[in-house]
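Take a look at the structure below.
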Amino acid sequence: MSQRNDSGKNGEERAVLYLTHRGYTILERNWRIGHKEVDIICTDGKMIIVVEVKTREAGCELPGELIDFRKKRNLLRAGEAYIRAKGLERELRFDLILVSGVGMDVLHIQEAIQVFD
22 MSQRNDSGKN GEERAVLYLT HRGYTILERN WRIGHKEVDI ICTDGKMIIV
72 VEVKTREAGC ELPGELIDFR KKRNLLRAGE AYIRAKGLER ELRFDLILVS
122 GVGMDVLHIQ EAIQVFD
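Using my numbering, you'd call the opening residue of the sequence shown number 22 and step up by one each time.
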């Protein structure tokens, strides 16, 4: 496995720990539908939350630059497909978790797609 893949997996692990320690329940990891993949799907008890995880070295892009139009569209479609596939009737939220630096610091941006559109 490449160093980049290792870094991404470590970032996702850090994001899962962060979310579970804050009371979120992890429903899926690396959930796929067609060519679309969602890093984490979780719930806070009220909403279904689709989480994109980005792992970067220190000094990376601004959060809004990390999810391009195509990725946003794919996340929206995958989230809607997940709700349909599971027969859920809950509101969807799309978050971004940025894991960065040697200390694997976490920046959690709720409603990231709406914030940076």
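Cβ atoms here follow ideal geometry from the backbone N, Cα and C, with glycine treated the same way.
Within 10 angstroms of its Cβ, does residue i collect 16 or more other Cβ (buried), or is it exposed?
| i | result |
| --- | --- |
| Thr-76 | buried |
| Ala-133 | buried |
| Gly-66 | exposed |
| Arg-91 | exposed |
| Val-123 | exposed |
| Arg-25 | Note that Arg-25 scores a pLDDT of 49, beneath 50, so its modelled location is shaky and nothing firm can be said. |
| Gly-108 | exposed |
| Glu-78 | exposed |
| Arg-43 | exposed |
For the alpha helix (DSSP H) holding residue i, just list the boundary residues, first then last.
| i | result |
| --- | --- |
| Ile-104 | 90 to 107 |
Among the options, which one has its Cα closest to the Cα of residue i?
| i | options | result |
| --- | --- | --- |
| Leu-117 | Arg-91, Gln-131, Arg-105, Ile-54 | Gln-131 |
| Ile-113 | Val-120, Gly-100, Arg-43, Leu-40 | Checking the displayed sequence, the identity of residue 113 turns out to be Leu instead of Ile. Taking only the C-alpha atoms, the option nearest Leu-113 is Gly-100. |
| Val-127 | Ile-47, Lys-57, Glu-73, Arg-35 | Arg-35 |
| Arg-94 | Lys-57, His-129, Glu-49 | Lys-57 |
Taking DSSP's pairing of strands, which residues face residue i in a bridge?
| i | result |
| --- | --- |
| Thr-41 | Answer is none; Thr-41 lacks a bridge partner. |
| Lys-75 | Leu-119 |
| Glu-49 | Ile-62 |
| Gly-57 | According to the sequence displayed, residue 57 carries Lys and not Gly. Ile-54, per the DSSP bridge assignment. |
| Ile-70 | Cys-63, Arg-114 |
So residue i is in the beta strand (DSSP E); what residue range does that whole segment cover?
| i | result |
| --- | --- |
| Arg-114 | 113 to 121 |
| Asp-65 | Neither: Asp-65 is in no beta strand (DSSP E) and is coded neither H nor E. |
| Leu-128 | 126 to 130 |
Check whether the Cβ atoms of residue i and residue j lie closer than 8 Å to each other.
| i | j | result |
| --- | --- | --- |
| Leu-96 | Val-37 | no |
| Ile-69 | Arg-98 | no |
| Ile-47 | Cys-63 | yes |
| Ile-54 | Leu-40 | no |
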